[in-house]
Every structure is written in C-alpha cells, then in structure tokens.
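Protein sequences appear in the order of chains A and B. Under our numbering, the first residue of the first sequence is numbered 657, with each subsequent residue one higher. Under our numbering, the first residue of the second sequence is numbered 657, with each subsequent residue one higher. No residue lacks a Cβ here, since even glycine has one placed at the ideal position from N, Cα and C. Computed from a predicted structure; not experimentally measured. Encoded as structure tokens, the structure appears first; notes follow it.
Number of protein chains: 2
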Amino acid sequence: MIKVSVLYPNGEGKTFDMDYYCNTHVPMVAGLLGDSVKGATVENGLGGGEPDSPAPFAAMGNLYFDSVEAFENSFGPNTEQIMADLPNFTNIEPTIQVSEVMI
Amino acid sequence: MIKVSVLYPNGEGKTFDMDYYCNTHVPMVAGLLGDSVKGATVENGLGGGEPDSPAPFAAMGNLYFDSVEAFENSFGPNTEQIMADLPNFTNIEPTIQVSEVMI
Numbered sequence: 657m658i659k660v661s662v663l664y665p666n667g668e669g670k671t672f673d674m675d676y677y678c679n680t681h682v683p684m685v686a687g688l689l690g691d692s693v694k695g696a697t698v699e700n701g702l703g704g705g706e707p708d709s710p711a712p713f714a715a716m717g718n719l720y721f722d723s724v725e726a727f728e729n730s731f732g733p734n735t736e737q738i739m740a741d742l743p744n745f746t747n748i749e750p751t752i753q754v755s756e757v758m759i
Numbered sequence: 657m658i659k660v661s662v663l664y665p666n667g668e669g670k671t672f673d674m675d676y677y678c679n680t681h682v683p684m685v686a687g688l689l690g691d692s693v694k695g696a697t698v699e700n701g702l703g704g705g706e707p708d709s710p711a712p713f714a715a716m717g718n719l720y721f722d723s724v725e726a727f728e729n730s731f732g733p734n735t736e737q738i739m740a741d742l743p744n745f746t747n748i749e750p751t752i753q754v755s756e757v758m759i
C-alpha cells in the first residue's frame, strides 16, 4: 500500500481553511481520482513535541493507493485541476511525500 | 482522536534502519505506553511529489490516542527511555507533530 502525504508547513502569515479542505477539496480530489483511492485521512495541527510549542504543520492530508503507478496514473491527469483549488483554502505551498506503508 | 506523528527529515548522510524501527523500536514504545495507544502506523519514504525526486522524510511513525492528555500522561514518564533508543536506528533528529484527526 502507498500513502501520499500532503503536508502544509506552518508559519507566520500562513492560513488554512480546514472546513473548505474537508468538505470541498478532499471530496473533489477523491471524486477526480475515483476507485484508485483506497482511503483518505485529514489531520489538523495542534502542536509540536514540546508543551505549548506550535504545530510544524497546519494540516496534513493523506491518500492511499495500491501502488505508485496507481497514484501516478490517477493523479497525473488531474494535477492541474487539483492544484488550481489550493488558493481557495490556503496560501501554503505543500510538501508532498510518497511512502510505502510498513505497519 | 489525536495523532502524534514522528517525522524523520531526509538529507545527505542521514541514516534510518527501518527493520530495527518496525521490529524493535515501535513495539518497545507501544509496550511502554500500554493501553493509551489506540493504533500505530509506520511509513517508509519513497519519493517526493515530482517524479524521481527524493522523499522529504526518510520515515514517518504515527501513534493514535484518545486525547492530548492521554498522550502526555503516557508518553511523558517514558520520554527519556524512548529518546535513548533513537541512536540505535537513526542519526536524524525527528520533527514531532500533534494533530487532531478530522477524517
């Protein structure tokens, strides 16, 4: 199983509309990618490792696929449309990580 | 539900022993924290968002708890022992994120 993580680094002046992300963006992406998506999770940053420290990431979104090929084949043709929606909920340039699920 | 993510940033000269992490470190942490841990996942970094780009993170480990208090109360007394195991599998200083699970 492959996990594609979209991490939104926190910082001064950074904004993130979690309501739009959960209710509009993620459903739109799931609809575009269709059956190749095996699962989706979303997390809202609360803090860092030390008490009262800021969260390194404002938000994290994760999509699961059967393989890297399944991700690339479904995401590739929709990249432009997906990226064009980002300004509707954030001014953060996300960090993207493709991982193999071990546990 | 609370997700505590331990992210190991990639970089030149950085090492990470995934076998030790999955088979020794994560079970040790789960044993120390006991019933407060509601789930654990581990991911191995494969790449970034662009084809053939390096993974931003060598590895990511995630623990799930019912609340921030449940995390702090179980992790706090074991922090020293857990951190002392890090040099056994990596030379990376991890980034820790505490998040609220939205989806």
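| Item | Value |
| --- | --- |
| Within chain A, partners of Asn729/B - CB distance below 7 Å | Within 7 Å Cβ-Cβ: nothing; Asn729/B doesn't reach chain A, min ~12 Å. |
| Reduced DSSP secondary structure (H/G/I, E/B, other) of Glu756/A | strand |
| Outcome for Glu699/B when other beta-carbon atoms lying within 10 angstroms are tallied against a minimum of 16 | buried |
| Buried versus exposed, by CB contacts within 10 Å (16 or more), Pro750/B | buried |
| Interfacial residues, the region 685-697 of chain A to chain B, with Cβ spacing under 9 Å | Ala696, Thr697 |
| Beta-carbon neighbours of Ile738/A, restricted to chain B and to distances below 9 Å | Result: empty, since nearest Cβ-Cβ is about 11 Å, beyond 9 Å. |
| Boundaries (first-last residue) of the beta strand (DSSP E) holding Thr697/B | 695-704 |
| Element boundaries [beta strand (DSSP E), containing Leu717/B] | Sequence inspection shows Gly at residue 717/B; the Leu mentioned does not correspond to that position. Unbroken beta strand (DSSP E) run through Gly717/B: 713-721. |
| Straight-line Cα distance separating Gly703/B from Met674/A | 26 Å |
| Pick from Val685/B, Ile759/B, Ser709/B, Lys694/B that is closest to Asn734/B, judged by C-alpha positions | Val685/B |
| C-alpha distance - Val754/A paired with Met739/B, whole-angstrom precision | 26 Å |
| CB contact check: Met758/B to chain A, cutoff 7 Å | yes |
| Stretch pair the region 662-670 of chain A + the region 723-730 of chain A: three plus CB contacts closer than 8 Å | no |
| Contact under 7 Å by Cβ, Tyr664/A with Ala696/A | no |
| Ser730/B: first and last residue of the uninterrupted beta strand (DSSP E) it sits in | It is not in any beta strand (DSSP E) - Ser730/B instead sits in the alpha helix (DSSP H) that spans 724-731. |
| Closer than 7 Å to chain B by CB, Gly667/A | no |
| Where Pro743/B sits in the DSSP three-state scheme | helix |
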